[in-house]
Amino acid sequence: MPDFREIPRHIAVIMDGNGRWAKERGLPRREGHRAGAESVREVTETCIELGVEYLTLFAFSSENWNRPQAEVKALMNLLDRFLAEKAKELDKQKIRLLAIGQLERLPAKTRALLDKIIARTADHTAMTLVLALSYGGREEIVAAARSLAADAAAGTLTPADIDATLFASRLQSAGIPDPDLLIRTSGEMRVSNFLLWQISYAEIVIVKKFWPDFRRKDLTEAVQEYQRRHRRFGAL
Ligand code: IPE
Ligand code: IPE
Ligand code: MG
186 MPDFREIPRH
196 IAVIMDGNGR
206 WAKERGLPRR
216 EGHRAGAESV
226 REVTETCIEL
236 GVEYLTLFAF
246 SSENWNRPQA
256 EVKALMNLLD
266 RFLAEKAKEL
276 DKQKIRLLAI
286 GQLERLPAKT
296 RALLDKIIAR
306 TADHTAMTLV
316 LALSYGGREE
326 IVAAARSLAA
336 DAAAGTLTPA
346 DIDATLFASR
356 LQSAGIPDPD
366 LLIRTSGEMR
376 VSNFLLWQIS
386 YAEIVIVKKF
396 WPDFRRKDLT
406 EAVQEYQRRH
416 RRFGAL
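Numbering-wise (our numbering), the sequence shown opens with residue 186 and increments by one.
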């Protein structure tokens, strides 16, 4: 078991490898996405047990819109189903749901469902689950820059007022602490436009397994790996 005194406050996960998981089994890619939903359930539960305060899951990137239309559709359908099925569970487990990303690009029905659950779980305190949907780190940073530029143009802000704290307050993640631990499954060693600003000092753990095979034990091991790291933040 991990040391309960050094639990990362915020874990962010790039849930990768669903398609390859399915391909290995001769199944269509959407079956991989479907199987990945079980990993989401187990990882969420384990985070609550460990006392993790924030869990951010990269579920759909800005670039994922460029996939074939049939796959995008299958992913949106799965998301709808996930949200509809999870609504009660999130309530029961006292999980607060948040979402980051260009949510206006999501289908209206998905967005309505999301808004409803976010409102309904707003006061829950067991854990915050942040879904990154239609999310791109660069897009988020550009939007923050635009909002600061608009204030500067309106005269309510001077360029000299802009510092890292003010900038971060304009990101969608405002109020959420930066991730301490970033996990990516499927062995790929890249960030793929995820939380570019927020991961500046995150510890990165790459796991070879595909996301649908990532379970409780794998999360616990990643946390133990995190606990063996010595975080220096540029100092000694
Ligand atoms: C991750 O699995 C889920 C999404 C990006 C939506 P992939 O669909 O990227 O699966 P691989 O990486 O192609 O195996
Ligand atoms: C990152 O995985 C996005 C999500 C997990 C949602 P991708 O599969 O889209 O990233 P690349 O294409 O391997 O960089
Ligand atoms: Mg992938």
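In this text, a Cβ means the ideal position worked out from N, Cα and C, and glycines have one as well.
Just so we're clear, the structure is a prediction, and the values are computed from it rather than from any experiment.
Margin query: Which residue marks the beginning of the beta strand (DSSP E) containing I389, and which one marks its end?
Written below: 388–391
Check: What are the start and end residues of each continuous beta strand (DSSP E) run of 3 or more residues lying completely inside the region 245–315, in chain order?
Finding: 280–285
Next item on the list: Less than 8 Å between the CB atoms is what I'm expecting for V257 and L242, so what's the real figure, rounded?
Entry: Their Cβ separation, rounded to whole angstroms, is 18 Å, which puts V257 and L242 out of contact at 8 Å.
Check: When you compare only the Cα positions, how much space is there between H195 and P253?
Finding: 33 Å
Item checked: Within 9 Å, strictly: CB atoms of S319 and Q357 -> no
Margin query: Can you find the residues in the same chain that come closer than 6 Å, C-beta to C-beta, to G340, ignoring five residues on each side of it along the sequence?
Written below: none
Notebook entry, point to check: Cα separation between G322 and M186?
Noted result: 33 Å
Margin query: On the CB-based measure, 16 or more other CB atoms within 10 Å of its CB, does G360 come out buried or exposed?
Written below: exposed
Notebook entry, point to check: Got a sec, what are the start and stop residues for the beta strand (DSSP E) H195 sits in?
Noted result: Segment 195–199, the beta strand (DSSP E) holding H195.
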